[in-house]
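Trainee: One structure coming up, written as C-alpha cells, with questions to follow.
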Amino acid sequence: MKTKFIGSSLEQCIGDACKLFDVEKDKLDYKIIKKKKGLFIKKVVIEAKPIEEKVEGVIKEKEVEEIETYNIEEKAKKENYGTVKIKNGELIVKNPKKDGKPANIVIGEDSEYINVKVDGQEVVKRAEIYEHSTIEVSLYDQVASRKINISTSKDNIEAFASVYYEPEIIYELKDSEENNELILEKVSKYSKMPPKYTVEEIKEQLSKGGIICGIIEENLQNVIEKSCDNVLIAKGVRPIHEKDDVIEYRFNVDEREKKLEEDAMGNVDFKSIGTVEAVKKGDILAIRHSSKPGRDGVDVKGKLLKHKLGKKIRIRSGNGCQLSGEKIIASIEGKPYVKNNAFYVYRMYEVRSDVDLTTGNIEFIGDVLVYGNVKEGMEVNAGNSITINKNVERSKIEGKGNITIKGSILSSDILGGGQDVTKIKAIDNSKALINLLREIIESTKEVKRLDLYGKEKKDGEIIRILMERKYKTLPRTCLNIIRDITVCGKDQEEGKIILAVKNKLIGLAPLNIKNYRELEDIIKLLEERVVKLEKELTIPIDVIIDYCQDSNISSSGNVYITGKGEYISNIVSNNSIYFTSEKGLARGGQIKAKKEIRCKTVGSISGVTTKLIVGDKGEIWADIAYQNTVFKVGTKEYLLEMPSKDIHVYLDKNGDIIADKLLL
1 MKTKFIGSSL
11 EQCIGDACKL
21 FDVEKDKLDY
31 KIIKKKKGLF
41 IKKVVIEAKP
51 IEEKVEGVIK
61 EKEVEEIETY
71 NIEEKAKKEN
81 YGTVKIKNGE
91 LIVKNPKKDG
101 KPANIVIGED
111 SEYINVKVDG
121 QEVVKRAEIY
131 EHSTIEVSLY
141 DQVASRKINI
151 STSKDNIEAF
161 ASVYYEPEII
171 YELKDSEENN
181 ELILEKVSKY
191 SKMPPKYTVE
201 EIKEQLSKGG
211 IICGIIEENL
221 QNVIEKSCDN
231 VLIAKGVRPI
241 HEKDDVIEYR
251 FNVDEREKKL
261 EEDAMGNVDF
271 KSIGTVEAVK
281 KGDILAIRHS
291 SKPGRDGVDV
301 KGKLLKHKLG
311 KKIRIRSGNG
321 CQLSGEKIIA
331 SIEGKPYVKN
341 NAFYVYRMYE
351 VRSDVDLTTG
361 NIEFIGDVLV
371 YGNVKEGMEV
381 NAGNSITINK
391 NVERSKIEGK
401 GNITIKGSIL
411 SSDILGGGQD
421 VTKIKAIDNS
431 KALINLLREI
441 IESTKEVKRL
451 DLYGKEKKDG
461 EIIRILMERK
471 YKTLPRTCLN
481 IIRDITVCGK
491 DQEEGKIILA
501 VKNKLIGLAP
511 LNIKNYRELE
521 DIIKLLEERV
531 VKLEKELTIP
541 IDVIIDYCQD
551 SNISSSGNVY
561 ITGKGEYISN
571 IVSNNSIYFT
581 SEKGLARGGQ
591 IKAKKEIRCK
601 TVGSISGVTT
611 KLIVGDKGEI
621 WADIAYQNTV
631 FKVGTKEYLL
641 EMPSKDIHVY
651 LDKNGDIIAD
661 KLLL
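Encoded structure:
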C-alpha cells in the first residue's frame with residue numbers, strides 16, 4: 001500500500017518518503033498525484049512506497065533466514081507503531097509500544113478548509129499525536145452566495161445578465177482506516193442552495209443600471225433558474241438611417257465627372273459630363289430616387305437615437321428641359337448636360353471641316369463641335385461648350401461652357417468660362433488692393449504712434465514714404481484695378497473707384513490724403529465691388545486639353561491636361577489643375593491654381609524654370625521635379641535646388657512653407 005506525502009516541492013515529498021521508509025531515492029517507487037502552482041502557494045502530492053527487491057537465482061539458506069528475520073523484525077516494528085483512524089468524524093489515537101513510531105496526521109490538499117491544533121500548537125503540515133494529545137479540529141464551511149452582473153454592449157443597444165449561485169456546504173472529517181499516518185480530508189455533510197433571485201430583484205438591478213427599455217420578460221425568468229453567463233435580457237431599437245438620394249441618368253455620363261462633389265451646404269455640384277449623344281424632345285434625361293423616411297431608435301437606457309438624414313439632391317431644369325415630378329424631360333432636341341444641380345439641353349452647331357477663312361469665325365449661342373483644326377487667326381466663341389477634335393494654332397477659343405481640345409494648342413488663347421474668368425481676375429485684384437490698403441493703414445498708425453518721421457509729417461506724406469519703401473507693388477495693383485473696370489464695363493460706383501485710385505494712390509496723389517482713414521473709404525468701395533462680381537459669377541467651367549505650347553489657358557473651374565502636358569505656357573485655374581497622364585510634362589511657364597496642382601514631371605534635367613502657384617490654403621503635388629522649379633503657396637516661395645521625387649508643398653499651421661520630398 002502506498003502512502004501519500006504532501007509538500008511544497010517534489011524534492012521535499014521524496015525526502016519525506018525516503019526518511020519514513022528509510023531507503024535511498026533510487027529504492028523508492030512514487031507517483032505524482034497532484035501538482036499545484038500558484039502565485040503564492042505551491043503544493044505537490046505523491047504516493048510512494050519502497051521498491052521490493054527480487055532475488056534472482058538460488059537463494060542460499062542463510063540469506064533466506066536473514067530475509068525472514070528482517071521481515072519478522074519489520075513486522076514487529078510496525079506492530080509497535082502508534083495508529084490513528086477517523087470514525088464518524090472523530091479521531092481515535094493509539095500510542096506506540098516500546099520504541100515504536102508515534103502516529104502522524106497530515107494536513108492534505110484540503111488545508112484551506114481544515115485547521116488543526118495539537119496541544120495548542122497549530123499544525124502547518126504534519127504532527128505526531130498520542131492518546132493524551134489535545135487535538136482540536138476546525139472545519140471551515142462554504143458560505144452560500146449568489147451574484148448578479150449586468151452589462152451592456154458598447155452602443156447600449158443590448159443588455160446582458162450573468163447569474164452565479166454557490167451552495168452552503170457543511171463539512172466533516174472523512175472516515176479512514178487505522179494507519180500510522182493519516183491524511184486529513186473533508187467530506188460534505190450537508191449542502192443547501194441560496195434562495196434564487198426573483199424577477200423583481202433582477203428588474204431592480206436593471207433599474208439601478210439605468211436599463212429601462214426593451215426588457216425581455218421571458219429571458220428574465222430563465223436567468224433566475226440557474227447559474228448562467230451573458231444572457232440577453234433587454235434589447236433597444238436601432239435607428240433606421242435614411243439613404244442618400246440617387247440620380248438615375250438616362251444618357252451617357254463620363255464616370256470621372258459623375259462623382260458628386262458637395263459644398264458646405266450639402267449641395268451636389270454636378271460637373272459637365274463632356275461629349276454625349278444627342279437626345280430627342282420628350283426623352284427622359286434623369287430620375288431622382290428619394291429614400292424612404294428613416295426612424296429614430298432608443299437604447300436600453302431610454303436614450304433617443306436620432307436617425308441620420310439622407311443627403312437630398314435638389315435637381316432643377318434649365319434651358320431645353322423641364323422638371324416633371326422626379327423626372328427631368330428634354331423639351332428640345334439637342335445635347336444634354338448637367339451642371340450645378342441643373343439639367344440642360346443645348347442645340348449644337350457642328351463644323352465638319354477646319355475653322356479657317358472659308359468658314360469664318362464661329363460664334364454660336366449653344367454648343368459648338370469642330371471636327372477639324374482651328375487655323376491661324378481664327379476665333380471660336382460659344383454660349384456653352386466647345387469641343388475641338390484636332391489642333392488649335394494661333395487662335396482664340398472662348399466658351400461659357402466646358403472646353404475640350406483633343407489635339408495640340410500652339411500659341412493660342414483658351415478662355416473657359418467667358419466673362420467669369422475676367423471677373424475672377426478682377427475679384428482677385430480687388431482683394432489684393434484691399435489687403436495692401438489695410439496694411440498701409442496699420443503701418444501708418446504705428447509710424448504715428450512711435451513718431452518715426454516727426455510730428456510735422458502729414459498722413460499723406462507718411463503714406464507716400466511707405467509706398468516708396470515698403471509697398472512698391474501698390475501702383476501696379478492700382479493699374480490692374482483700372483484695367484479690370486475698363487474691360488468689365490463700369491457703372492457709377494466703379495467710376496468712383498477709378499477716381500479715388502487716381503486721386504489718392506497713383507504717383508504723387510497720396511500727398512492729397514489728409515487723414516489715413518480716407519483709405520477706408522476706398523476699401524469699402526472695393527468690397528462692394530467684390531460682392532457684386534461674386535454674385536455675377538455663374539458656374540465653374542472646366543478646360544480639358546491634351547497639350548499646349550506658348551499658350552494662355554484660363555478656366556473658371558478646373559484644368560485637366562490629359563496628354564503630353566505643357567511647354568512654356570501660362571495656365572490659370574480658379575479651382576485646381578490636374579495632369580492626368582503618366583507622361584504629362586510641365587516644362588517652363590507658370591501654372592497657377594487656387595486649390596491644388598497635381599503634376600507628374602516638372603521641369604527638365606537642364607533646369608528650365610517652371611513656376612507652380614496655389615493660394616495660401618492650397619497644396620502642390622509632383623511625382624518628379626527638377627532643379628529651378630519654384631513652388632509658391634500664398635506669398636511664400638520655395639526653390640527646388642536638387643532633382644527630387646514624391647514632392648508635397650504646403651503651408652503648416654504657423655504659415656511656414658513646407659516641402660516634403662525625396663531626392664531623386
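Under the UniProt record's numbering, the sequence shown has 33 at position 33, and the numbering climbs by one with no breaks. The beta carbon of each residue, even a glycine, is placed where N, CA and C say it ideally should be.
I need the boundaries of the beta strand (DSSP E) containing I362, first residue and last residue.
Mentor: Looking at the DSSP string, the run of the beta strand (DSSP E) that includes I362 is 362-364.
Trainee: Restricting to Cα atoms, I'd like to know which of E172, K97, E166, R238 is closest to G89.
Mentor: Residue E172 is the option with its Cα nearest to G89.
Trainee: Enumerate in chain order the residues of its own chain whose CB-to-CB distance from G383 is below 7 Å, with the five nearest sequence positions on each side excluded.
Mentor: Once the five neighbours on either side are set aside, the close Cβ partners of G383 are F364, I365, G366, K400.
Trainee: Pull up the distance between the alpha-carbon of E262 and that of I247, whole angstroms please.
Mentor: For E262, the pLDDT reaches just 41, beneath the cut-off of 50, and the residue's location in the model is therefore unreliable, although a value from the coordinates is still provided. Going by the C-alpha atoms only, they are around 14 Å apart.
Trainee: Using only the alpha-carbon positions, how far apart do T198 and N156 sit?
Mentor: Each residue's alpha carbon lies about 24 Å from the other.
Trainee: By a C-beta neighbour count over all protein chains shown, 10 Å radius and 16 as the cutoff for buried, is S8 buried or exposed?
Mentor: Counting Cβ neighbours within 10 Å, S8 comes out exposed, since fewer than 16 surround it.
Trainee: So, for S133: in the same chain, excluding its five sequence neighbours on each side, which residues have a beta-carbon less than 8 Å away from its beta-carbon?
Mentor: If we look at S133 and ignore the five residues flanking it on each side, its Cβ neighbours are V93, V118, D119.
Trainee: According to DSSP, simplified to helix, strand and coil, what is N381?
Mentor: In this structure, N381 counts as strand in the three-state DSSP scheme.
Trainee: Can the beta-carbon of K98 be found less than 8 Å from the beta-carbon of Y81?
Mentor: No, these two residues do not count as a Cβ contact at 8 Å.
Trainee: Starting from the Cα of residue 666, find the closest Cα among F251, S145, V298 and give me that residue.
Mentor: Any question about residue 666 goes unanswered here, given that the chain covers just 1 to 664.
Trainee: Is DSSP giving T610 helix, strand or coil here?
Mentor: DSSP places T610 in strand when its eight states are reduced to three.
Trainee: Nearest to R288 by alpha carbon, out of R316, K281, D296?
Mentor: The residue with the shortest Cα to Cα distance from R288 is R316.
Trainee: Any idea if R483 is buried or exposed, counting beta-carbon neighbours within 10 angstroms, 16 or more meaning buried?
Mentor: Looking at its Cβ environment, which holds fewer than 16 other Cβ atoms inside 10 Å, R483 is exposed.
Trainee: How many Å lie between K226 and G209 at the Cα?
Mentor: Between K226 and G209, the C-alpha separation is close to 22 Å.
Trainee: Suppose contacts are defined by Cβ-Cβ distances below 8 Å. Is D141 in contact with I107 by that definition?
Mentor: No, the pair does not count as a contact, with Cβ atoms beyond the cut-off.
Trainee: Exposed or buried, R587, counting other C-beta atoms within 10 Å across all chains shown (16 or more means buried)?
Mentor: Burial call: buried.
Trainee: What residues are listed by DSSP as bridge partners for T404?
Mentor: The partner list for T404 (beta bridge, DSSP) reads T387, I544.
Trainee: In the structure shown, what three-state DSSP assignment does I273 receive?
Mentor: Because I273 carries a pLDDT of 31, less than 50, the predicted location of this residue cannot be relied on, and no value is offered for it.
Trainee: Who pairs with S573 in a beta bridge, going by DSSP?
Mentor: Bridge partners of S573: S555, A593.
Trainee: Could you tell me how far apart the beta carbons of I568 and V559 are, in whole angstroms, since I believe they sit closer than 8 Å?
Mentor: I568 to V559, Cβ: 16 Å. No contact.
Trainee: Measure how close the beta-carbons of V614 and V633 come, nearest whole angstrom, since I'm counting them as under 8 Å.
Mentor: 6 Å between Cβ atoms; contact.
Trainee: Compare the C-alpha of N628 against each of I620, S604, A622, H648 and name the closest.
Mentor: Ranking I620, S604, A622, H648 by Cα distance to N628 puts S604 first.
Trainee: Considering D660, what are the terminal residues of the beta strand (DSSP E) in which it resides?
Mentor: Where D660 is concerned, the enclosing beta strand (DSSP E) stretches over 657-663.
Trainee: Going straight from the alpha carbon of D175 to that of K87, what length do you get?
Mentor: Approximately 5 Å, taken between the alpha carbons.
Trainee: Between the alpha carbons of E456 and L505, how many angstroms are there, rounded?
Mentor: The straight-line gap from Cα to Cα measures roughly 21 Å.
Trainee: Kindly list the residues whose CB is nearer than 6 Å to the CB of S291, restricted to its own chain and excluding five residues on each side of it in sequence; keep chain order.
Mentor: E242, K243, G310.
Trainee: Going by DSSP, what residue range makes up the beta strand (DSSP E) through M348?
Mentor: 348-351 is the span of the beta strand (DSSP E), which, as asked, contains M348.
Trainee: Quick one: any contact between the segment 516-530 and the segment 386-395, if contact means 3 or more CB pairs under 8 Å?
Mentor: The segment 516-530, when compared against the segment 386-395, does not touch it at the 8 Å Cβ threshold.
Trainee: Less than 8 Å between C-beta atoms, sequence neighbours within five positions excluded: which residues of the same chain meet that for T473?
Mentor: Taken in chain order, the residues that qualify are L436.
Trainee: Which residue's Cα is closest to the Cα of I541: T404, D413, S581?
Mentor: Measuring from the Cα of I541, the nearest candidate turns out to be T404.
Trainee: Have a look at L663 and R347 and give me their C-alpha separation to the nearest angstrom.
Mentor: Cα-Cα distance, rounded: 53 Å.
Trainee: Which residues in the same chain as I216 place their Cβ atom closer than 7 Å to its Cβ, once the five residues preceding and following it in sequence are excluded?
Mentor: Excluding positions up to five away in sequence, the list reads L232, I233, A234, K235.
Trainee: Using a 10 Å radius around the Cβ and a threshold of 16 neighbouring Cβ atoms, would you call K502 buried or exposed?
Mentor: Flag for K502 reads exposed.
Trainee: Leaving aside the five residues before and after N319 along the sequence, list all residues of the same chain whose C-beta is less than 8 Å from its C-beta, in chain order.
Mentor: The answer, listed in chain order, is Y344, V345, Y346.
Trainee: Please list, in chain order, all residues of the same chain as K25 whose beta carbon is under 8 Å from its beta carbon, the five residues on each side excluded.
Mentor: So the list reads I14, C18, once near-sequence residues are dropped.
Trainee: If you run the structure through DSSP and keep just helix, strand and coil, what is C13?
Mentor: Correct three-state label for C13: helix.
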